[in-house]
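Numbering (the working numbering), first residue to last: -9 to 228.
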């Protein structure tokens, strides 16, 4: 009898949890996800440094040290790859680039390592966007679909938000998958043209706490159309 009662109680709790998740608006789901990943609201004033190791099939490992100081509008990126190191330092719109510790490098070297300020700004946006999720979904130019989707991905049920952007921000369509109980972000996926099933999905595993923010420990990238594995980023504290 006790086992039967416990089973009914558990079923009731799960049903209430599921109903609660389904009844939330998109804004409320996002609010819960941000509360999970950034419970103390540290993102806006983040000043920290962390390491990302990228491993890709048939390519050399790339180790990046990323520094952000949002209050002072500073961003630094130091990369080690194939026995060379290059760095970007962005400070309130200024941009400095070095290769192996020197600002003096050839046009051929600049082309080989993509050393230009446009690339530096791209990498700044890339790292602050991906490691700033889901908080970055509150940024201007971001359009959150009011519908909350319920999807099963890789055998697990998720609460899913759909996001599009102003043209000057981005042209891709993104989906963000959250655990329906904790609202932890576990998958995100983007399409250039959803009707063609192009783009990629990214599986997030584990958490690394950086300055009070729960960031994904690993991100494994795959193609949407054929599940081809592209590579894995691993986040490490410094």
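Cβ coordinates follow ideal geometry from the N, Cα and C atoms, glycine included.
If you're wondering where the values come from, they're calculated on a predicted model, not measured in any experiment.
Residue 119 classed as buried or exposed, judged by whether at least 16 other C-beta atoms fall within 10 angstroms: Of the residues assessed, residue 119 falls on the exposed side of the cut-off, its CB having fewer than 16 other CB atoms within 10 angstroms.
Any heavy atom of the ligand ZN closer than 6 Å to the CB of residue 100? In terms of ligand content, the structure shown is empty, and the ligand ZN therefore cannot be addressed.
Three-way DSSP call (helix, strand, coil) for residue 177 in this model: In the displayed model, residue 177 falls within a strand according to three-state DSSP.
If we ignore side chains and look at the alpha-carbon of each, how far apart do residue 200 and residue 117 end up? So the two alpha carbons sit approximately 14 Å from each other.
When 23, 45 and 65 are compared against residue 37, the one with the closest alpha-carbon: Of the candidates 23, 45 and 65, the residue whose Cα lies closest to the Cα of residue 37 is 65.
Cross-strand partners of residue 160 (DSSP beta bridge): Answer by DSSP bridge pairing: none, since residue 160 is not bridged.
For a quick check, are the C-beta atoms of residue 32 and residue 60 less than 7 Å apart? Cβ atoms of residue 32 and residue 60: not closer than 7 Å.
Hey, out of 75, 24 and 13, whose CA is closest to residue 172's CA? For the residues 75, 24 and 13, the minimum Cα distance to residue 172 belongs to 24.
Skipping 5 residues on each side, what residues in its chain have a beta carbon closer than 6 Å to that of residue 81? Excluding positions up to five away in sequence, the list reads 64.
How should residue 122 be labelled, buried or exposed, when 16 other C-beta atoms within 10 angstroms of its C-beta is the threshold for buried? Its Cβ being crowded by 16 or more others within 10 Å, residue 122 is buried.
Start and end of the alpha helix (DSSP H) containing residue 114? 107 to 120 is the extent of the alpha helix (DSSP H) around residue 114.
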